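In this text, residue positions in the sequence shown follow the working numbering: the first is 59, and each later residue adds one. Cβ atoms here follow ideal geometry from the backbone N, Cα and C, with glycine treated the same way. Being a predicted model, the structure only gives us computed values, none of them experimental.
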Amino acid sequence: MNRKTKLSLIAVLILFAVFGYEYFLNEEEHYEIIVNGKEVKKDTNEYFLPSSTTNQIIHHSNYSLSYSETHEQAEWVAYELKKSHLSNSNFKRPYFEIDKAVTTGAAHWRNYKKSGYDRGHLCPAGDRKFNREAHDETFLTSNISPQRHDFNSGVWNRLEQKVRYWAKKYDGVFVVTGGVLKGNLKTIGSEDVAVPNQFYKVLIDNNTGETKMIAFLMPHKDSNQPLYEFVVSVDEIEKLTGIDFFPELNDTIENQLEASSNYKNWF
C-alpha cells in the first residue's frame, strides 16, 4: 500500500469516527431529554397527569406514561385526544420497538410471541393517526399490555371508539388508561410480563365549561354488555391501583367528581 492510499484510508476512518461520535452525542442528548421530562410535549397536558407509584414517568412527544418495571408495562398511559387528532389516515403498521427511554429497560416484544395474547395498545394507534410520527410512536413496547384477542377486538375496542366519539363531541378529552397491576397476576415471556385481570380507562373533559369525569373498569374478557355497565367512580380505580389521578385539580372539585359514577352527562 503506497503512502497516498494510506493517507486516504486514514482520512476515511477519521471521518467515520467523527460522524459516529456526533451521532452518539445526539442520541445520548435525546435520551436524556426524554428521561428527564424536558422534551417539549406536543399533546400532553401535564396538569392532568396522574401520580406515579413507580417514580418512572416518561414523556414522549404524543403521550406520557408511568412504567412499572415489576410488571414490565406502564401502570398508566395518558394523553390528550383532540377533535383535530381524529383522522382516517391509514398508515402501515410498523414493527414494535423497545422503548429506550425506560431507564430500567422496557420489555421486549418477543415476550408476546406465541403467548396467546395480543400486544394491546394502551394509547391506541387509532388515536394518533394525525401524522406518521405520532402513529408509529404508539408501537413502543412501553405502550402495550397483554390482552386477550376477543377482549382487545371486542368490548375494549368499543370503548376506544366511544372515546373518539366523545373527543369529537366535546372538542377533546384527556385520557388515562392501563391495566390494574395488583394481586397474583399471570405472566408471559422470559421477562415475566404481567397479564392484568382488569383494565381501566379514565376520561376528563375540561373544554365544555363544566369539568366532568367518567371512569371504566373492565374485567379482562369480552362482553356484550353496554359500556355504561362498566362505569365506576374514579375513587374505586384509585383504591385498586394506588394512583392519584388528578392531583392538580382543586381538592373540592376533585373529591366531588372522583366520588361520582354518574354517566348521564356523557351517554
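For residue i, is the classification buried or exposed, using 16 other Cβ atoms within 10 angstroms of its Cβ as the cut-off for buried?
i: Phe197; result: buried
i: Phe325; result: exposed
i: Asn113; result: exposed
i: Pro254; result: buried
i: Tyr235; result: Note on identity: in this sequence residue 235 is Thr, with Tyr being the wrong assignment. With 16 or more Cβ atoms within 10 Å of its Cβ, Thr235 is classed as buried.
i: Phe77; result: A caution first: Phe77 carries a pLDDT of 43, below 50, which makes its placement in the model unreliable, though a value can still be read off. Answer is exposed; the Cβ neighbour count stays below 16.
i: Ser122; result: buried
i: Pro204; result: buried
i: Asn323; result: exposed
i: Val70; result: Because the pLDDT of Val70 is 47, which lies under 50, any placement of that residue in the model is unreliable, and the number read from its coordinates should be weighed accordingly. With fewer than 16 other Cβ atoms within 10 Å, it is exposed.
i: Asn120; result: buried
i: Asp309; result: exposed
i: Tyr170; result: buried
i: Gln219; result: exposed
For residue i and residue j, I'd like the C-alpha separation in whole angstroms.
i: Glu87; j: Asp185; result: With a pLDDT of only 34 at Glu87, under 50, the local geometry of the prediction cannot be trusted, and the value read off the model is given with reservation. Computed Cα separation, rounded: 29 angstroms.
i: Val292; j: Glu316; result: 5 angstroms
i: Thr199; j: Ser109; result: 21 angstroms
i: Lys279; j: Leu307; result: 33 angstroms
i: Ile39; j: Phe304; result: The question about residue 39 has no answer here: the residues shown for the chain are numbered 59 through 325.
i: Asn189; j: Tyr223; result: 19 angstroms
i: Arg168; j: Tyr175; result: 12 angstroms
i: Pro277; j: Asn320; result: 20 angstroms
i: Asn215; j: Gly237; result: 15 angstroms
i: Ser211; j: Gln283; result: 15 angstroms
i: Phe274; j: Phe288; result: 5 angstroms
i: Val213; j: Leu243; result: 21 angstroms
i: His207; j: Tyr137; result: 24 angstroms
i: Glu104; j: Gln131; result: 21 angstroms
i: Ser318; j: Ser145; result: 32 angstroms
i: Phe154; j: Ser147; result: 19 angstroms
If you check the beta carbons only, do residue i and residue j fall under 7 angstroms apart?
i: Leu217; j: Leu285; result: yes
i: Lys141; j: Lys270; result: no
i: Arg177; j: Ile202; result: yes
i: Leu239; j: His143; result: no
Go through its chain and collect everything with a Cβ distance to residue i's Cβ below 8 angstroms, but skip five positions before and after it.
i: Val221; result: Leu139, Asp185, Val231, Val233, Lys259 and Leu261
i: Thr111; result: Ser124, Ser126, Glu133, Thr299, Gly300 and Ile301
i: Asp229; result: Lys140, Lys141, Asn265 and Thr266
i: Glu296; result: Asp302, Phe303 and Glu316
Looking only at its own chain, which residues have a Cβ that is under 6 angstroms from the Cβ of residue i, when we skip the five neighbours before and after it?
i: Ala183; result: His193 and Thr196
i: Ser173; result: Ile246
i: Phe149; result: Arg190 and His193
Go through its chain and collect everything with a Cβ distance to residue i's Cβ below 7 angstroms, but skip five positions before and after it.
i: Phe209; result: His278, Lys279 and Asp280
i: Val135; result: Tyr121, Leu123, Leu180, Cys181, Asn201, Thr235 and Gly236
At least 3 beta-carbon pairs within less than 8 angstroms: the stretch 159-174 vs the stretch 237-250: yes
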